[in-house]
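Residue numbers (the UniProt record's numbering), protein chains in the order written: chain A, 1 to 766; chain C, 1 to 766. Cβ coordinates follow ideal geometry from the N, Cα and C atoms, glycine included. Bear in mind that the values here come from a model prediction, so they are computed numbers and not experimental data. Comments concern the structure below.
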């Protein structure tokens, strides 16, 4: 075997007999064992480059298979690992001959029509996202009203005797039904759990999260969020809106639903990752916009979390979708509230109008609150991290029950508190109403509405409750709970200020401090920057507080980052997702493409034997998705994707070896678009023994101009190219233009800055 | 000659004997004559690639020089030409050995310190920009107050007899002094003329506009804007703030001033185009922020006009600078107004608070106003285009005098109007006060303050006046005049609505329509999108009008784009700047790198003879700035810049041919940074005849991993790579990695979509 490899190998490293999986020197000595199964290819020399340049070698994949099987099958989720199960999306167009021919045939008017249909799709995304938000809002309000009524009646009936256990029983009854519904949904679509923001972040970053933008996910998500919010869990309905918007966008832009088996035969041009991503950005922005009434914030969220290449027209389209979304919500909610034409509900949450101003000398106080928010946020994140680790390691199916239990246990003491103080009304609203209303009353109720001990207890219980809830398998966001916690301790801070400073009661409006506290807490947890500032400013409806909010978010981020990452990043890491950050780690200039790339690489010839292709694709120990195409002397002449090969095999685009090339069946770009995005697995394609002997001409279908770099290119340079262009595969060539390696997302995401400088994550097949 | 070229040529096109300048086939047959001098290289075969791969050929540049000289020297400004006089900036780091060594030596703490100093620089930029805005505001206010006082006194004294000529005489006296001052400044620094926004747009796009970010420009600009605004020209002080912010940023970030000959020896790391651009973005944002009190709008302006690669930390830093800038302005202005701590002046212009709301049925009205704004904006742009063409073609030095004359002629009839109606007070304020106050009174004065004929006349006179003024060689922006025109006809529209509709006087608040009209007019002229929406929303201080403003701006853009481009784009085109838009023209897939590239290319060997380098650099008929470095068999191994070669020659980094390589003098990265950005011309460097025989080893200094593409790469793909990475030179190679061409900014900016499909601009040496 090694002999064959040696005979035909032409890469500079190919002269070594390529021991199993030992590709490139390690950065630090450690981790050698982990690396033995870490590369994308199994060690068997059969699919290495040497083999494939000799086409008519008989296949013989049986031996050495054991080494691939003997690797550990299950590795627990761990932030020190990088999972290989996530595939990447292709944000770089495969400009093959078919594509170029189509583009060249298209007239200027054709491009104008395409542009117009992009705007139409964005309008549809905005309208549908707005309608979904509207639906959620109305249903939650009705359910919460119903629940509140039931609870109020039972509380009133027991108010005299102050028996918390009976009122609690009523709550339990109301929430029990909703939780049961929730449980039902939970099992239908696990991806719909959580806020969905980390998943959308990953999608926009270029990681394919299975089933993240399916219709079924949307339905489960919407029902789930209705049940959990109305059921009184410590969650908000805002985070899930972002996910909903993204799903709507992915569906509408494709002009069909694979779940419903319905193809409208429209927008076929948009059936590829590049176009779809742009629409998903618009959907996410529309979601934020509907949730917070913050169209600009939505655009910035999309850009901050996702897009790396800023394009004026794209941004403007995203903004259009956002505006339409908030307008639709506003319009239908004002009809629902019988105030047609007043347009007073731009978002699901509305912070209400802040008329008070701030003074210069309050700025240091705000900065202190920012630091406090950063600390509390870091604490929240660390607790949530441990909880998540615990949940992953041990049984997580009982979590909902435990959550339900905790819900019971906090209702009990709090209700007692109310009764003792005789002022249960405002606090009871905070607990039993929707969290949005609670936030608003914390912002706007006149001074004296809440007494400090109640606020303290509320902060504490809600802090742990929210921490417990996030990461549970329920559809729920962390935005509103964070705001609520922050508003509570912020108001407490304001009340204390009013007490201890002279004239404090004049300038220290507790509502103002509740707002700053809410910003600090949210910033400390999620660590978003510009977009969060704008979202909060838009939700308050005036720009006066822009400067203090920015200061507070900045302080919270600096303080929080000192301890631990943001909540979304923690969850992305725990899922071992190969996420690419903005820049390569600062100290990575010492690394070059040579050290980073995977090598050797499985290559195909321009005209390849069908049997060879089938064998490479069916080899379970590898999961290559891109294959360089080489000419006879081994020079790179293109790049072809697994998905393209599968479509070619499915349509049997073969030529018999003796016949001329002309007989090959003509494939259209449409055939690839129809198969997108769910390409069948190789196992479902049957290729007869005769067909295996045929040849396949890849010239028309491969991308003839893949981006390449040389081996000496530094990691930051490779990273920049990869990130700026949204690549999936980057071919590394030597000075003769011969393929020597392939850089994929996983090769770049491996490196990160740890406490001891540059660290390398291990790769795991799970 | 042709023989030599042939002997060593290895490019696929090199086999042709390369007729003078005839590089690539033209897209359309026309323009062949223009192309004969259009390429960057003269036709003389001497510096073609063939020559340089044979090192010890004696130099002989004399013959064929005439052909280069015989080309036309002066070509008038024309939008059908692309000027070659503009150089590009290097937004892609030259990662040579020196740079990589420095980066590798740097510890993690070193990177942290760099990061902190970036924040410090941004804070400084914000503070200084805010202070400049504050200075301009206070001086203008005092001067305008003085002028107003003089005029008022003379008007009052003649009010009885209503003699417009005497009041006019007083105005003339006051403005005359200021105009004289203005004229004085004008001749000092012509680049300081105009609003500066097109120049900053070009800079951020990657075009080097001479002297655009110099200290002298800033001083002249500030004095100029003060004089023209206080002098009563139809101009605003907002546009120039953006330029001022950019100059401040370019100065502060370099830690030295070449104008003042002072080097603080700090921030040396930032002395390259990549870093400087980031700071200039921050400066422009800080300028917008100070001008309009719109920090978010400032960030979006920078991103929309400039940056192509979005980076979260960079954006956040830009936002920080913006916030600091508006805060500084606010703080010092409130001290100046004796209201310390109240912070009520976030920007130079403040639209005041809009409390009225809009109704659903007004939206169609807003859209109509948007369309009207688009029409009027297009008219404005077309008129201004003709005027500019006229000014370029004929004497433009008399322009200021004519402007002054026109100023006189409009004062006369308007003053008469006031007297006739007996209500000169509000209109007089509009004319004699600063335009910012006029805008505010149009927005907020109660219904009935202005009568329709006055508004009509005001709109008309101001429209033509502003159109005349923009593009004059005075420091002035178009923002405020546009707002003023729009507010005037918007208010007129509102008054008419109130008259002709039932209950119109209840809902048709003329102030609201003035705002919408202002947005429509401004949008119709400048055609900015997201950033303008946010700027206007932030200037109004509440987000209620976000949706209508967006609709109006969108309509104005669509309608206006149908007729003509935005004002800034027109002026950029008239300057024949090689500006790269967001994407390649839609129908350009038919073009490949082969057709676009310049070829043949002047290359150097890795170890090159000094004489050859000096000759290539001193050849006046070429202005190459980047040279591929090739190995003996002609394969690409690096890219070196003219500026780097000049520094090497200046420091005499030579080795005698007989000695070993070790004797070469060691250069530090510091030597390159000290020379940045004003590298001396080659003529100032003396190289003796002995030195000419020495060799220069370029290995350490060249960028060893330039980005390359193959000849078959489509234009959109080349464009995307170029734009996303901010390249200056992109090497085109064949399948053997041999240099066959070079793509520069001019090669890409040439193509644009015209009425008849893809058109190609001609290149001109002016």
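| query | Which runs of the alpha helix (DSSP H) fall wholly inside the stretch 302-377 of chain A and span at least 4 residues, in chain order? | reply | 312-336
| In three-state DSSP terms, what is residue 764 of chain C? | Locating residue 764 of chain C in the second chain gives position 764, where the first residue counts as 1. Three-state result, residue 764 of chain C: strand.
| With distances taken between CB atoms, is the gap from residue 629 of chain C to residue 702 of chain C smaller than 8 Å? | Counting from 1 along the second chain, the entry for residue 629 of chain C is found at position 629. Counting from 1 along the second chain, the entry for residue 702 of chain C is found at position 702. Closer than 8 Å, so yes.
| request: Please check the pair residue 382 of chain C and residue 564 of chain C, which I expect to be a contact at CB under 8 Å, by giving their CB distance rounded to whole angstroms. | output: The residue labelled residue 382 of chain C in the question sits at position 382 within the second chain. The residue labelled residue 564 of chain C in the question sits at position 564 within the second chain. Confirmed, Cβ separation roughly 5 Å.
| said: Give me the residue from C:635, C:302, C:352 and C:90 with the minimum Cα distance to residue 436 of chain C. | reply: Along the second chain, one-based indexing puts residue 436 of chain C at 436. Selected option, being the one with the closest Cα: C:352.
| Going along the chain, which unbroken runs of the alpha helix (DSSP H) with 4 or more residues stay wholly within the stretch 191-250 of chain A? | The qualifying runs are 197-205 and 215-230.
| Rounded Cβ spacing between residue 374 of chain A and residue 557 of chain A (contact assumed at less than 8 Å) | Looking up residue 374 of chain A in the first chain gives position 374. Looking up residue 557 of chain A in the first chain gives position 557. Indeed they touch by this definition, with Cβ atoms about 7 Å apart.
| request: Go through the stretch 93-134 of chain A residue by residue and report every complete run of the alpha helix (DSSP H) that reaches 4 residues or more, in order. | output: 97-105
| said: Which residues in chain A have a C-beta closer than 7 Å to the C-beta of residue 757 of chain C? List them in chain order. | reply: Residue mapping note: residue 757 of chain C aligns to position 757 of the second chain, counting from 1. Here the neighbours are 108.
| request: Would you please state the rounded distance, in angstroms, between the beta carbons of residue 541 of chain C and residue 238 of chain C? I believe it to be under 8 Å. | output: Translated into positions along the second chain, residue 541 of chain C becomes position 541. Translated into positions along the second chain, residue 238 of chain C becomes position 238. Incorrect: roughly 17 Å between the Cβ atoms, too far for contact.
| message | Please tell me whether residue 669 of chain C and residue 642 of chain C are closer than 8 Å, where the distance is taken between their beta carbons. | response | The residue you call residue 669 of chain C lines up with position 669 of the second chain. The residue you call residue 642 of chain C lines up with position 642 of the second chain. In this structure, residue 642 of chain C does not lie closer than 8 Å to residue 669 of chain C by Cβ.
| field | Classification of residue 683 of chain C by the beta-carbon crowding that lies within 10 angstroms, buried from 16 upward | value | Counting from 1 along the second chain, the entry for residue 683 of chain C is found at position 683. With fewer than 16 Cβ atoms within 10 Å of its Cβ, residue 683 of chain C is classed as exposed.
| request: Pick out the complete alpha helix (DSSP H) segments inside the stretch 266-294 of chain C, 4 residues or longer, and give them in chain order. | output: 273-292
| Is it right to say residue 646 of chain A is buried, meaning 16 or more other beta carbons lie within 10 angstroms of its own, or is it exposed? | Taking the first residue of the first chain as 1, we reach residue 646 of chain A at position 646. Residue 646 of chain A should be labelled buried.
| request: Kindly say whether residue 589 of chain C, judged by its beta-carbon, lies nearer than 8 Å to any beta-carbon of chain A. | output: Reading the second chain from its first residue, position 589 is the one you call residue 589 of chain C. Residue 589 of chain C counts as touching chain A.
| message | Closer than 7 Å between beta carbons: that is the criterion. Which residues of the stretch 248-261 of chain C meet it against chain A? | response | Within the stretch 248-261 of chain C, contact with chain A at the beta-carbon level (separation under 7 Å) is assigned to no residue.
| field | Spatial neighbours of residue 128 of chain C in its chain, beta-carbon cut-off 6 Å, leaving aside the 5 residues before and after | value | To locate residue 128 of chain C, count along the second chain from 1; it is residue 128. The answer, listed in chain order, is 248.
| field | Simplified DSSP state of residue 630 of chain C, which is helix, strand or coil | value | Your numbering for residue 630 of chain C matches position 630 in the second chain. Looking at residue 630 of chain C - three-state DSSP - the assignment turns out to be strand.
| request: Kindly list the residues whose CB is nearer than 7 Å to the CB of residue 601 of chain A, restricted to its own chain and excluding five residues on each side of it in sequence; keep chain order. | output: As a first step, residue 601 of chain A must be located in the first chain, where it is residue number 601. Cβ neighbours of residue 601 of chain A beyond the five flanking positions: 49, 628, 739, 741 and 742.
| request: Check the Cβ-Cβ distances between residue 597 of chain A and every residue of chain C, and say whether any is below 8 Å. | output: Counting from one through the first chain, the residue named residue 597 of chain A turns up at place 597. No, its Cβ sits nowhere closer than 8 Å to a Cβ of chain C.
| CB contact flag (residue 579 of chain C, residue 213 of chain C, <8 Å) | For the purposes of this step, residue 579 of chain C is taken as the residue at position 579 of the second chain. For the purposes of this step, residue 213 of chain C is taken as the residue at position 213 of the second chain. Not a contact, by the Cβ cut-off of 8 Å.
| said: Any contact between the stretch 671-680 of chain A and the stretch 269-280 of chain A? By contact I mean 3 or more CB pairs, one from each, below 8 Å. | reply: yes
| field | Beta-carbon proximity check, residue 705 of chain A vs residue 710 of chain C, cutoff 8 Å | value | Stepping through the first chain from its first residue, residue 705 of chain A is reached at position 705. Stepping through the second chain from its first residue, residue 710 of chain C is reached at position 710. In this structure, residue 710 of chain C lies closer than 8 Å to residue 705 of chain A by Cβ.
| chain A partners of residue 612 of chain C, CB-CB under 8 Å? | On the second chain, residue 612 of chain C is found 612 positions in, with the first residue counted as 1. Chain A residues near residue 612 of chain C: none, gap ~23 Å exceeds 8 Å.
| said: Under 8 Å, CB to CB, which of the residues in the stretch 309-336 of chain C have a partner in chain A? | reply: 309, 310, 311, 312, 313, 315, 316, 319, 320, 323, 326, 327 and 331
| query | What number of angstroms, rounded off, separates the C-alpha of residue 483 of chain C from the C-alpha of residue 445 of chain C? | reply | Taking the first residue of the second chain as position 1, residue 483 of chain C is located at position 483. Taking the first residue of the second chain as position 1, residue 445 of chain C is located at position 445. Rounded to whole angstroms, residue 483 of chain C to residue 445 of chain C spans 16 Å at the Cα level.
| request: Quick one: grab the DSSP three-state call for residue 768 of chain A. | output: There is simply no residue 768 of chain A to check, as chain A begins at 1 and stops at 766 in what is shown.
| query | How do the stretch 219-231 of chain A and the stretch 105-115 of chain A stand: do at least 3 beta-carbon pairs fall below 8 Å, yes or no? | reply | no
| task | Kindly indicate which three-state DSSP category residue 759 of chain A falls into: helix, strand or coil? | result | By one-based count along the first chain, residue 759 of chain A stands at place 759. Strand.
| Of all the options A:749, A:764, A:758 and A:754, which has the alpha carbon lying nearest to the alpha carbon of residue 205 of chain A? | Locating residue 205 of chain A in the first chain gives position 205, counting from the first residue. Comparing Cα positions, the closest option is A:749.
| request: Determine whether the Cβ of residue 542 of chain A lies closer than 8 Å to any Cβ atom of chain C. | output: In the first chain, residue 542 of chain A corresponds to position 542, counting from 1. It does; some Cβ of chain C falls within 8 Å.
| message | If you follow the alpha helix (DSSP H) that residue 84 of chain A is in, where does it begin and where does it stop? | response | Taking the first chain and counting its residues from 1, one reaches residue 84 of chain A at position 84. Counted as a single uninterrupted DSSP element, the stretch harbouring residue 84 of chain A is not any alpha helix (DSSP H), since DSSP gives it neither H nor E.
| task | Report the residue from A:120, A:624, A:754 and A:499 whose alpha carbon sits nearest the alpha carbon of residue 728 of chain A. | result | Within the first chain, residue 728 of chain A is the residue found at index 728, counting from 1. Of the listed residues, the one whose Cα sits closest to residue 728 of chain A is A:624.
| query | Which residues share a DSSP beta bridge with residue 751 of chain C? | reply | Along the second chain, read from residue 1 onward, the residue named residue 751 of chain C stands at position 751. Looking at the DSSP assignment, residue 751 of chain C forms a beta bridge with C:760.
| message | Cutting at 7 Å between CB atoms, please list the residues of its own chain near residue 757 of chain C, excluding the five before and the five after it. | response | Reading the second chain from its first residue, position 757 is the one you call residue 757 of chain C. Cβ neighbours of residue 757 of chain C beyond the five flanking positions: 587.
| Going by beta carbon distance, what residues of the same chain come within less than 8 Å of residue 771 of chain A, once the five residues before and after it are set aside? | Outside the shown range of chain A (1 to 766) lies residue 771 of chain A, about which nothing can therefore be said.
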